[in-house]
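Trainee: Protein chains in written order, with the working numbering: chain A, 82 to 589; chain B, 4 to 143.
A virtual CB, placed ideally from N, CA and C, is assigned to each residue, including glycine.
Take this structure, written in structure tokens, and hold onto it; I'll ask about it next.
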Amino acid sequence: MDVLHNLAFGFEHALTWQNLLFCAIGCTVGTLVGLLPGLGPLATISILLPLTYSIPTTGALIMLAGIYYGAQYGDSVSAITMKIPHASSIVACIDGYQMTLQGRTGLALFTAGVSSFIGGTVAIVVLSFFAPMLGEVAFLFGPADYCALMLVGFVCVSFVTTGSLLNGMAMCLIGVLLGQIGTDVTSGMQRFTLNLDFLVDGIGLVSIALGCFGIAEITKNLDNRDERTPFNGKINLIPTWPEFKRIIPSALRGSAIGSFLGILPGGGPVIAQFAAYAVDKKFSKYKDEIGSGAIEGVAGQAAADEAAARTSFIPLMSIGIPENAVMALMMAAFIIKGIQPGPNMIAGHPDLFWGLVASMWIGNCFLLILNVPMVRYWLSVFKIPYGVLFPSILFFCCVGTFSVNNNLSDIYTTATFGFIGYMFLRLDLDAAPLMLGFILGPMLEENFRRALLISRGSFAAFFLRPISGTLLALIGAFVVWQLAAFFLKARRGAPDPSLVPPAAQGAE
Amino acid sequence: MNDRTLVRGLFLVAISLAFGLQALRYPFGSFSHAGAGLFPSLVSGLLLLIGLATVARSRFEKAVPLEFHPKNIAIILASLCGFAVISAYVNMIAGIAFMVFFSSLAGTSYSIARCLKVTAGLIAVAFAFQKLLGFNLPLY
């Protein structure tokens, strides 16, 4: 009953006119961002982060959260109508677009909207019960356990985001190294500052985020020179009763899968939608139809996508460890507002925690209205030419960077990271793990040094504690599995003659 | 040489050396009282290993050419720097106009009328930020 009491307390805070407005703005911007290809929630939160400085704490966090989960709703619309996928709507392209080709666009959009609503609602229940419980567990964590947990996060995010453990880990480590720039808080020594005054306090998070996600993404889209054809088909949103009945079981299955996978390190909407789709394909009553435009192919993944987006807040708010790059940015937003996410957050700021949870359900209602009855109006967004869009995004990047310190010189730092981010893109290195490394790097170093101090310099502390030992064993098992898979693949595959060095060819 | 994996490996090695060699100049301390150089050296060392592994991997994989289009990134970066310089020495309205007109050169088509409309819209947004959100923008 405590949870119901706390939720009522949360609704008291979330239902103020001001917070309702911020929630509506967040959901609307999120839907817009979800619809527009080439501008994900990561880039948008980076752009809008500095704009939230002048907004009250609860309102700012409600708005940023709304952008994140709102984008999950919106991205399935572009995937279903035009087969334009974002990272978290790849699966919606399969059955969703098949339904569009069959002239059932309205049904697909209705299914995605309603399933997302169900997924979001289930996830909020999970969030309300599990976050406080996990917060209690977090008190058992010592510095060595935090180190191990962050390393698990690095490994999982590296693998899930980039598909390559090596590339992802490299980006995490670069992020950690960038986080070392500035003054060492323990010894007071300046590190990697090149004797430049503006680096003494370290590199600004906003400059890195806007450079690597805003500027680099714009340039990549300009390089691709893709022209989009707006959707002009008819939309009939009202399903028949038998069609509606098919949505519910699949959406509930997807909600459960998404809620669970959202909590795991490295989890989140991307992995959840694939898992839900796979489960539907195996267990659904209509499994034979999946892949050729089945309602279940849209419902399960949409619910899982939305549920995972909500439950990914659990590790951040209860343990203080973000499990993906968007959550790392959300963590930065909490810290900017003077709130340290972690086990003490729920007890220390109950108005913020329960207000945010309650606002998620209000946001869910906003998004249902925005994405089901009003979806046809959103489709006109695709008529905005990129020639109008990208100078506007550049402007927001500049204003965002400037407003952090009211310093125009920060724009040069953003431009530098824009170039570095573009190089990363061209080298096929995903910048998302870099953000996680950058934000967690100082925490990792602090806990690493503290753990060694407590154990008097013995690394055994990392392996002998039950929590850190288990987590490090998991990492070890994963690395061994990756190495074994690489060598097995190399042994099975016949060597490509073009890869054999000329000298070796001659020797043969 | 135009092999993306190889260039990626060399890029990672270069970053690890840039940080690692600098970190070696900071005090290490002992494990129980770690100095400022210990942690970055460990991280740089790990990155160096990954860079070398990537270079080695490039020998076993089919080479994928590295695509690099300098024109668009140069235009975008010049727009940003031009915006900062003009905003500092003239005002931000002129900076916005420069940014829109110059960055549009990277688009698929160029229209002065469209640039004028976008500039006007963005100036209106900048005024809204200044008056409504209290941003300290040097607009004029």
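With distances taken from CA atoms, which of A:374, A:352 and A:378 is nearest residue 363 (chain A)?
Mentor: Taking the first residue of the first sequence as position 1, residue 363 (chain A) is located at position 282. Selected option, being the one with the closest Cα: A:378.
Trainee: Quick check: is the beta carbon of residue 396 (chain A) nearer than 9 Å to any beta carbon in chain B?
Mentor: Working through the first sequence from its first residue, we reach residue 396 (chain A) at position 315. No, residue 396 (chain A) does not count as interfacial toward chain B.
Trainee: What did DSSP end up calling residue 580 (chain A) once you bin it into helix, strand or coil?
Mentor: Along the first sequence, one-based indexing puts residue 580 (chain A) at 499. Note that residue 580 (chain A) has pLDDT 41, beneath the 50 cutoff, so the model's placement of it is unreliable and the number below is only indicative. Residue state, collapsed to three classes: helix.
Trainee: Where do the N-terminal and C-terminal ends of the alpha helix (DSSP H) with residue 224 (chain A) fall, by residue?
Mentor: Taking the first sequence and counting its residues from 1, the one referred to as residue 224 (chain A) is at position 143. It spans 224 to 238 - the alpha helix (DSSP H) in which residue 224 (chain A) sits, taken as one unbroken run.
Trainee: Relative to the C-alpha of residue 537 (chain A), which residue among B:36, B:67, B:107 and B:88 is closest?
Mentor: One-based indexing of the first sequence puts residue 537 (chain A) at position 456. Nearest of B:36, B:67, B:107 and B:88 to residue 537 (chain A), Cα basis: B:36.
Trainee: Within its chain, find whatever has a CB closer than 7 Å to the CB of residue 32 (chain B); leave out the 5 residues flanking it on each side and keep chain order.
Mentor: To locate residue 32 (chain B), count along the second sequence from 1; it is residue 29. Correct list, in chain order: 38 and 41.
Trainee: How many angstroms separate the CA atom of residue 182 (chain A) from the CA atom of residue 161 (chain A)?
Mentor: As a first step, residue 182 (chain A) must be located in the first sequence, where it is residue number 101. As a first step, residue 161 (chain A) must be located in the first sequence, where it is residue number 80. In a straight line, the C-alpha of residue 182 (chain A) is about 10 Å away from that of residue 161 (chain A).
Trainee: Hey, could you find the ends of the alpha helix (DSSP H) residue 88 (chain B) is sitting in?
Mentor: Position 85 of the second sequence, counting from 1, holds the residue named residue 88 (chain B). Its alpha helix (DSSP H) spans residues 73 to 92.
Trainee: I'd like to know if the stretch 204 to 220 of chain A and the stretch 418 to 435 of chain A are in contact, where contact means that at least 3 CB-CB pairs between them fall below 8 Å.
Mentor: Result yes; three or more Cβ-Cβ pairs closer than 8 Å.
Trainee: State the DSSP-derived secondary structure class of residue 271 (chain A), mapped to helix, strand or coil.
Mentor: The residue given as residue 271 (chain A) occupies position 190 in the first sequence. Strand at residue 271 (chain A).
Trainee: DSSP three-state call for residue 37 (chain B): helix, strand or coil?
Mentor: Taking the first residue of the second sequence as position 1, residue 37 (chain B) is located at position 34. Residue 37 (chain B): strand per DSSP, three-state reduction.
Trainee: Tell me whether the beta-carbon of residue 190 (chain A) lies closer than 9 Å to the beta-carbon of residue 318 (chain A).
Mentor: For the purposes of this step, residue 190 (chain A) is taken as residue 109 along the first sequence, with counting starting at 1. For the purposes of this step, residue 318 (chain A) is taken as residue 237 along the first sequence, with counting starting at 1. Contact flag set, yes.
Trainee: Please name the residues in the stretch 486 to 508 of chain A whose beta-carbon is closer than 8 Å to at least one beta-carbon of chain B, in chain order.
Mentor: Within the stretch 486 to 508 of chain A, the residues whose Cβ lies closer than 8 Å to some Cβ of chain B are 487, 489, 490, 492, 493, 495, 496, 499, 500, 503, 504, 507 and 508, listed in chain order.
Trainee: Within the stretch 85 to 155 of chain A, note down every full beta strand (DSSP E) run reaching 3 residues or more, in order along the chain.
Mentor: Those beta strand (DSSP E) runs which fall completely within the stretch 85 to 155 of chain A and span 3+ residues do not exist here.
Trainee: Cα-Cα, which of A:325, A:337, A:176 and A:424 is closest to residue 387 (chain A)?
Mentor: Numbered from 1 along the first sequence, position 306 holds the residue referred to as residue 387 (chain A). If we check each option's Cα against that of residue 387 (chain A), A:337 comes out closest.
Trainee: Looking at the structure shown, is residue 585 (chain A) part of a helix, part of a strand, or coil, going by DSSP?
Mentor: Here residue 585 (chain A) is taken as the residue at index 504 of the first sequence, counted from 1. Only weak support exists for where residue 585 (chain A) lies, its pLDDT of 37 falling under 50; the value from the coordinates is given anyway. Residue 585 (chain A) falls in the helix class under three-state DSSP.
Trainee: So, with DSSP's three-state summary, where would you put residue 111 (chain B)?
Mentor: For this step, residue 111 (chain B) is matched to residue 108 along the second sequence. If DSSP states are grouped into helix, strand and coil, residue 111 (chain B) belongs with coil.
Trainee: Any idea which residues DSSP pairs residue 264 (chain A) with across the strands?
Mentor: Indexing the first sequence from 1 puts residue 264 (chain A) at position 183. BP columns for residue 264 (chain A) point to A:271.
Trainee: Under three-state DSSP, which class holds residue 285 (chain A)?
Mentor: Position 204 of the first sequence, counted from the start, is the residue given in the question as residue 285 (chain A). Residue 285 (chain A): coil per DSSP, three-state reduction.
Trainee: Ordered along the chain, which non-local residues of its own chain (more than five positions away) have a Cβ less than 8 Å from that of residue 22 (chain B)?
Mentor: Indexing the second sequence from 1 puts residue 22 (chain B) at position 19. Correct list, in chain order: 43, 46, 47 and 50.
Trainee: What three-state label does DSSP hand residue 381 (chain A) in the structure shown?
Mentor: Residue 381 (chain A) sits at position 300 when you count from the first residue of the first sequence. Correct three-state label for residue 381 (chain A): helix.
Trainee: Cβ of residue 563 (chain A) less than 9 Å from any chain B Cβ?
Mentor: Mapped onto the first sequence, residue 563 (chain A) falls at position 482. No, its Cβ sits nowhere closer than 9 Å to a Cβ of chain B.
Trainee: Would a check of beta-carbon distances place residue 151 (chain B) closer than 9 Å to chain A?
Mentor: Lying outside 4 to 143, the shown extent of chain B, residue 151 (chain B) is not represented and no answer is given.
Trainee: For residue 490 (chain A), is the classification buried or exposed, using 16 other Cβ atoms within 10 angstroms of its Cβ as the cut-off for buried?
Mentor: Position 409 of the first sequence, counted from the first residue, corresponds to residue 490 (chain A). Under this definition residue 490 (chain A) is an exposed residue.
Trainee: Flag this pair as yes or no: are the beta carbons of residue 429 (chain A) and residue 381 (chain A) separated by less than 9 Å?
Mentor: Sequence index remark: in the first sequence, residue 429 (chain A) carries index 348 (1-based). Sequence index remark: in the first sequence, residue 381 (chain A) carries index 300 (1-based). No.
Trainee: Expressed to the nearest angstrom, what Euclidean distance is found between the alpha-carbon atoms of residue 352 (chain A) and residue 139 (chain B)?
Mentor: As a working note, residue 352 (chain A) is residue 271 in the first sequence. As a working note, residue 139 (chain B) is residue 136 in the second sequence. Spanning the two alpha carbons is a distance of roughly 42 Å.
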